[in-house]
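Be aware that the sequence shown starts at 16, since it is given in the numbering used here, and climbs by one per residue.
Beta carbons are placed, not taken as given, at the ideal position from N, Cα and C, and that holds for glycine.
Quick caveat, the model's predicted, so the values are computed rather than measured.
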Amino acid sequence: MAPVKATTTAVKKAKFVIDCTAPANDKIFDAAAFEKYLHDRIKVEGRTNNLGDSVVITRGADNKITVVVSNITFSKRYLKYLTKKFLKKNQIRDWLRVIATDKQTFQLRYFNIANEGDEEDDE
C-alpha cells in the first residue's frame with residue numbers, strides 16, 4: 016500500500032455577527048454581559064479562556080457583537096448554541112429566539128405572540 020498523504024486544509028478567516036439591537040434597545044438584553052459571557056465560554060483547542068489571537072470579540076455602539084475567527088475551525092452552530100445558553104441562563108429564552116439572517120449573521124428576535132390573544136376571543 017502506498018502511504019497516505021496528509022491533506023492540510025487552509026482555515027480562512029471567518030466573521031460572525033450577532034445582531035441584538037431590538038432587545039438591547041428595549042432594555043431586556045444586556046449586550047455587555049453577553050460579550051463577557053462569550054469571552055468566558057468560547058473554547059479554543061478544548062479549553063476556555065484560551066482565545067489568544069485566534070478569536071476576537073467586539074461590541075459595536077449599535078449593540079452588534081462581532082466574532083472574528085482566524086487560524087482555527089469555528090462553527091456558526093457553536094455560536095448559536097452559546098447564544099441560546101446565555102438566553103436560558105438569563106431566563107429570557109421564552110421571549111427571544113435566534114434566527115440566521117444570512118450566512119454570517121444571527122439576529123435575536125421576539126416570538127410572535129400577538130396571534131394567541133385573537134384565538135381566545137373567538138371562543
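Can you look up residue i in the DSSP assignment and give me helix, strand or coil?
{"i": "F121", "result": "strand"}
{"i": "L66", "result": "coil"}
{"i": "R112", "result": "strand"}
Give a yes or no on whether the C-beta atoms belonging to residue i and residue j are separated by under 8 Å.
{"i": "A46", "j": "A39", "result": "yes"}
{"i": "I57", "j": "V71", "result": "no"}
{"i": "I139", "j": "F89", "result": "The shown model of the chain, from 16 to 138, leaves out residue 139, and the question about it has no answer."}
{"i": "L111", "j": "L97", "result": "no"}
{"i": "K99", "j": "F31", "result": "no"}
{"i": "I80", "j": "V59", "result": "no"}
{"i": "V82", "j": "L53", "result": "yes"}
Note down the Cα distance separating residue i from residue j, rounded to an integer number of angstroms.
{"i": "K95", "j": "V113", "result": "7 Å"}
{"i": "D109", "j": "K103", "result": "8 Å"}
{"i": "F44", "j": "Q119", "result": "21 Å"}
{"i": "V19", "j": "R74", "result": "45 Å"}
{"i": "N65", "j": "Y125", "result": "33 Å"}
{"i": "N127", "j": "I107", "result": "15 Å"}
Where do the ends of the beta strand (DSSP E) carrying residue i lie?
{"i": "F31", "result": "29–34"}
{"i": "T73", "result": "70–74"}
{"i": "K79", "result": "79–84"}
With 16 as the cutoff for other CB atoms within 10 Å, does residue i come out buried or exposed?
{"i": "T116", "result": "exposed"}
{"i": "N78", "result": "buried"}
{"i": "V26", "result": "exposed"}
If I follow the unbroken alpha helix (DSSP H) through residue i, where does it start and stop?
{"i": "K103", "result": "91–104"}
{"i": "F51", "result": "What sits at residue 51 in the sequence shown is Lys, not Phe. Run containing K51: 46–56, per the alpha helix (DSSP H) assignment."}
Any beta-carbon of chain E closer than 8 Å to the one on residue i?
{"i": "N127", "result": "In the structure shown, chain E cannot be found, because there is only a single protein chain."}
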